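**Q** Numbering (my numbering), first residue to last: 537 to 754. Where is the CB? At the ideal position from N, CA and C, for every residue including glycine. Model, not experiment: these values are computed from the prediction.
If you want it as structure tokens, here you go:
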């Protein structure tokens, strides 16, 4: 069973649902030629897609174009069902660093056919994830610097202040659709600068005051 850890408090949560936001940074939506959505666009990753710091992303044989997307991860600590936005942050146990690995060629092919694209997002090793810091250790989750480098070369450098939908609104929206449970994780979207990685590359993702991930690609 995959678990989410908060080392500072000793807490561990079995990972449940991983709910992800697409197009939550306007510049990223534009770089992929997508419209800025009027409401949060959601998709899911299975817990089995999680790997930890130092573990390798394994690109499936059915893809020739695997992309990175650095994201702020939100760990849910208490049950949230139809929670109001002004109460939503009370449900957060911690924050972490995630990389939403995406098989862009597979995703584009499926989208063009009007088909779901979970296989482009939920394959084994598709969700590198750091340990979490306690929610109280992050003064403002909407004022964080998100960076990702490949082989030491900076590729993404953005700020969570550019989120279209902010974390309280995200939690309120999701919990109005289905109940969030302790151990569920929300990936809150990625800034511009996404791109391809290949076998042999090494990704380094970092969010100030939250954490850091180093992930090789195989």
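1. Which value, in whole angstroms, describes the spacing of the CA atoms of residue 731 and residue 663?
2. If the criterion is Cβ atoms closer than 8 Å, does the pair residue 633 and residue 746 meet it?
3. Under 8 Å, do residue 557 and residue 576 count as touching if we go by C-beta distance?
4. Along the chain, where does the beta strand (DSSP E) that runs through residue 646 open and close?
5. Cβ atoms of residue 721 and residue 540: under 8 Å apart, would you say?
6. Between which residues of its own chain and residue 543 is the CB-CB distance below 6 Å, once the five residues before and five after are set aside?
7. Please state whether the Cβ-Cβ distance between residue 665 and residue 727 is less than 8 Å.
8. Between residue 679 and residue 669, what straight-line distance do the alpha-carbon atoms span, to the nearest angstrom?
9. From residue 607 to residue 620, what distance separates their C-alpha atoms?
10. What are the boundary residues of the alpha helix (DSSP H) that residue 756 is part of?
11. Do residue 610 and residue 586 have their C-beta atoms within less than 8 Å of each other?
12. Taking the alpha-carbon positions, what's the residue 688 to residue 741 distance?
**A** In short:
1. Reading the chain shown from its first residue, position 195 is the one you call residue 731. Reading the chain shown from its first residue, position 127 is the one you call residue 663. So the two alpha carbons sit approximately 16 Å from each other.
2. Stepping through the chain shown from its first residue, residue 633 is reached at position 97. Stepping through the chain shown from its first residue, residue 746 is reached at position 210. The answer is yes: Cβ separation under 8 Å.
3. As a first step, residue 557 is located in the chain shown; it is residue number 21 there, counting from the start. As a first step, residue 576 is located in the chain shown; it is residue number 40 there, counting from the start. Taking 8 Å as the Cβ cut-off, residue 557 and residue 576 qualify as a contacting pair.
4. For the purposes of this step, residue 646 is identified with residue 110 of the chain shown, where counting begins at 1. Residue 646 -> not in any beta strand (DSSP E); alpha helix (DSSP H) instead, spanning 640-648.
5. Along the chain shown, one-based indexing puts residue 540 at 4. Along the chain shown, one-based indexing puts residue 721 at 185. A contact, by the Cβ cut-off of 8 Å.
6. Sequence index remark: in the chain shown, residue 543 carries index 7 (1-based). 667, listed in sequence order.
7. Start at 1 with the first residue of the chain shown, and residue 665 comes out as number 129. Start at 1 with the first residue of the chain shown, and residue 727 comes out as number 191. Cβ distance not < 8 Å, so residue 665 and residue 727 don't count as in contact.
8. Along the chain shown, read from residue 1 onward, the residue named residue 679 stands at position 143. Along the chain shown, read from residue 1 onward, the residue named residue 669 stands at position 133. Using only the alpha carbons, I get a separation of about 16 Å.
9. The sequence position of residue 607 within the chain shown is 71, counting from 1. The sequence position of residue 620 within the chain shown is 84, counting from 1. Whole-angstrom Cα-Cα distance: 24 Å.
10. No answer is possible for residue 756: it lies beyond the span of the chain, which begins at 537 and ends at 754.
11. For the purposes of this step, residue 610 is taken as residue 74 along the chain shown, with counting starting at 1. For the purposes of this step, residue 586 is taken as residue 50 along the chain shown, with counting starting at 1. No; because the gap between Cβ atoms is not below 8 Å, this pair is not in contact.
12. Residue mapping note: residue 688 aligns to position 152 of the chain shown, counting from 1. Residue mapping note: residue 741 aligns to position 205 of the chain shown, counting from 1. Taking the straight line joining both Cα atoms gives about 10 Å.
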